[in-house]
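In our numbering, the protein residues as written are 2 to 124.
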């Protein structure tokens with residue numbers, strides 16, 4: 002009877018709570034953000050009305066674009082020393098319609114720490 006009570010406690014309370022061990026789902030796992038996950042965070046904060054455009058050659062990579070204009074939010078680079086990601090929010094301005102030449106107007110550079118998810122605007 003005592004064995005049944007112990008098994009019942011283990012099932013109801015969970016083995017980690019009875020033994021004092023920590024189950025994998027109770028561990029604070031540090032999640033390392035991939036560049037595209039960090040891009041999603043920047044998009045939600047600075048460009049929430051942009052739409053996702055996947056790259057044909059690799060659909061897992063993408064950028065964001067304003068639907069009715071040439072405004073873009075893109076992943077640019079990873080800093081080799083810190084591992085932080087750099088994102089660029091800009092507009093493409095067409096200067097010559099015949100050959101497609103233009104220039105960009107930058108609206109913001111944003112850094113994201115992949116370890117913490119914190120983001121800040123580059124001055």
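Yeah, the Cβ is synthetic: ideal placement off N, Cα and C, and Gly gets one too.
- Between the C-alpha atoms of residue 93 and residue 116 there is a straight-line separation of about 31 Å.
- Inside the stretch 66-107, DSSP marks whole beta strand (DSSP E) runs of 3 or more residues at positions 72-79 and 86-97, from first to last along the chain.
- Residue burial annotation: residue 70 is exposed, with fewer than 16 other C-beta atoms found within 10 angstroms of its C-beta.
- Per the DSSP secondary-structure output, residue 55 pairs in a beta bridge with 63.
- The criterion of a C-beta distance shorter than 7 Å is not satisfied by residue 89 and residue 81.
- For residue 123 against residue 108, the beta-carbon gap comes to about 12 Å, at or over 8 Å, which does not count as contact.
- By a beta-carbon distance limit of 8 Å, residue 39 does not contact residue 65. Their separation comes to about 12 Å.
- Going by DSSP, residue 123 is part of the beta strand (DSSP E) stretching over 120-123.
- A direct Cα-Cα distance of roughly 25 Å separates residue 57 from residue 98.
- Following the DSSP letters along the chain, one finds residue 46 inside the alpha helix (DSSP H) bounded by residues 36-47.
- By the neighbour-count criterion, in which a residue is buried when 16 or more other Cβ atoms sit within 10 angstroms of its Cβ, residue 43 is buried.
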